[in-house]
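Position in the sequence shown counted from 1, then plus 894, gives you the working numbering.
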Amino acid sequence: MPSTKHPGASDLEILNEPDWTRTHSHRVGTRGRDARFMGVTHRGDEYHDELEEVDEKIQELREKVARGELVTDFHLERPEVHPDYWRYVLHTTESFIKYGQPWPINRKTESEEKGKVTEAGKREPEKEKSKPTSEEEALLEFLRHEQQHRSSMQVNDGKGSCPIRDETPEKIDEADQFSPDNWIPRSDKLIRLTGKHPMNAEPDLTTLFEAGIITPSPIHYVRNHGAVPHLLWENHELEVTTDKHVIYSMDNLKLSFESVNIPVFLACDGSRRKELNMIKRTRAFNFTGASASCSYWKGVLLRDVLLDAGVENLMKKKPNERLWVNYEGADELSEGKYATCVPLEYVMDPINDVMLAYEMNDHPIPPDHGYPLRLILPGWVGARSIKWLAKVWITENENDSHYHIYDNRQLPSFITNTESEIAQLMYHHPSTICNEQMLNSIIVKPAQGEQIDLVDVKKGTMYRVMGFAYSGSGDEIDKVEISLNGGETWLYCSRKVSPVPSSFIDINS
């Protein structure tokens, strides 16, 4: 049978025709087997994609309108929630409109900038980095060490223990043999500043510093106004009056409430007064920078005791009044009991750690420091941490005892007559009271009177300047700097802090 000739194609062309089922369908201007436009010859051939893109833009604009990012009439619909006389601002910039849009001139500029190259056709070589100076190298080392140390710091859960061995003095000082304090053993490392009695003493500044961040009890500074009361754990009681009257024995306090044990920094309000007396004589004695110490104090939160004594009922009865926590010691003084006060709201905040302490450095509190019970107010001057605590009560007015009014106050310098009416009013003015510790830093080395051999300096021998710094209310010391040329330039000091945060830091230049 004769073969059928197909017009337009030879037998060989038909034989060599590809298998179109295994390749893309190449249609021009229409959709192929796989729904693709394989060629575009007319405007609108890709209208499906264009519609999707338009829908996306419309949806984006609707979302912006809903968020108020475009011009809206929200202020007309709800004028009560908008400021008066405000003016609508379009959320764009003139720079974006001019240069951020795909205008032809912007595309041309962008293309020209991409085509720019250096004369050599390569990027310019980077400038050589300058080598750090020896001072910069030392600072880098300090900063790396400090960063590593800070990353290893722990949260203080209030359940710590004193890391030092606290050796209690065993002998009665000869200076006390004829005083009312002839039953108290005291360290011979304490320097007495007001004669034999009452005891007001501090260690040598270098001795304090070399003891470390935690101060051993024997060299903790002592500030007494009179004889130390002879009290016993077994019969000492704390009288608490809020909405009701409650008396707690020492065993009640220790066994009935959860205890905390934290390092607390204390400093006398008269710390460094010796330096002030060298400028203008005051009526107070010469405490130096060594009248500051940091020890572990263990006890129960005053907040918990007040709650147990019914303070919440009192607060409900007086919701709009400022209440004060008053407290006094058991010592008998020339001007009556030593008493002071602190706002109740401050005591009731658990973050402030106001406590009734019965241990110091994991031992019963030494007599000079308040045995058997002392109120500890972290971050405040030592005068607010009353020793030999015997009584706590709530009032609507600030304490009016002699020692609260006339001690630990800072009157303006123009008041020279303390008996005048102005002086009396200022003594009662809240702006004159000393409560929170101030920011302070003290250089310990070189020590007072220390000699540095200039021969060693010429040989390049390094001398490390050292000291310590502290602040009130537990605020961190951000940085310490020291100047060796009268303040023209300053050097950064490296810091050594406890791995468990406390309010005391040691600094080294």
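For every residue, glycine included, the Cβ atom is placed at its ideal position computed from N, Cα and C.
No experiment lies behind these values; they were computed from the predicted model shown.
DSSP places Thr1003 outside any beta strand (DSSP E); the residue lies instead in the alpha helix (DSSP H), whose first and last residues are 998-1009. With contacts defined by Cβ atoms closer than 8 Å, Thr1062 and Pro1112 form a contacting pair.
Judged by DSSP secondary structure, Arg1167 falls within the alpha helix (DSSP H) whose first and last residues are 1167-1173. Cα atoms of Glu1226 and Ile1337: separation of roughly 38 Å, rounded to the nearest angstrom.
Taking C-beta atoms as the reference points, Asn1220 and Ala1233 count as a pair closer than 8 Å. Excluding residues up to 5 positions away in sequence, Ser1388, Arg1389 lie with their Cβ nearer than 8 Å to the Cβ of Glu1040 in the same chain. A distance below 8 Å between beta-carbons, with the five flanking residues on each side excluded, links Arg1086 to the following residues of its chain, in chain order: Ala1069, Met1093, Asn1094, Ala1095. If you draw a straight line from the Cα of Ile1280 to the Cα of Glu1131, it comes to about 15 Å. Every beta strand (DSSP E) of 3 residues or more that sits fully in the region 1054-1088 is shown, in chain order, as 1084-1086. A Cβ-Cβ contact shorter than 8 Å links Ala1184 with Asp1098. The continuous beta strand (DSSP E) containing Ile1336 extends over residues 1334-1339. Here Thr1136 is buried, its C-beta having at least 16 other C-beta atoms within 10 Å.
If the five residues before and after Ala1178 are omitted, its C-beta is found closer than 6 Å to the C-beta atoms of Gly1164, Arg1167, all from its own chain and listed in chain order. Here the region 1316-1331 lies against the region 1361-1375, with 3 or more beta-carbon pairs under 8 Å apart. The C-beta distance from Val1116 to Leu1084 rounds to 7 Å, short enough to meet the 8 Å contact threshold.
For Phe968, the enclosing alpha helix (DSSP H) starts and ends at 968-971. The bridge partners DSSP lists for Val1286 are Val1134, Tyr1221. Met1254 sits in a strand when the DSSP states are folded into three classes. In the displayed model, Ile1259 falls within coil according to three-state DSSP, outside both helix and strand.
If you draw a straight line from the Cα of Asn1076 to the Cα of Pro1261, it comes to about 12 Å. Beta-bridge pairing by DSSP links Leu1269 to Leu1250.
For Cys1235, same chain residues with a beta-carbon under 8 Å away, outside a window of 5 residues either side, are Trp1218, Val1219, Asn1220, Tyr1221, Thr1289, Glu1292, Asn1293, His1298 in chain order.
Leaving aside the five residues that flank Ala1277 on each side, the residues in its chain whose CB is nearer than 6 Å to its CB run, in chain order, Asp1163, Asn1302.
Counting only residues of its own chain and dropping the five nearest sequence neighbours on each side, Val1158 has a CB closer than 6 Å to the CB of Trp1191, Ile1270, Pro1272.
Short of 8 Å from the beta carbon of Val1154, and not among the five residues preceding or following it, lie these beta carbons of its own chain, in chain order: Gly1052, Lys1053, Lys1192, Gly1193, Val1194, Leu1195, Asp1247, Met1249. Taking the C-beta atoms as reference points, Ala1284 is found nearer than 8 Å to Glu1133. Judged by beta-carbon spacing, Leu1034 lies within the 8 Å limit of Pro1026, meaning their Cβ atoms are closer than that value.
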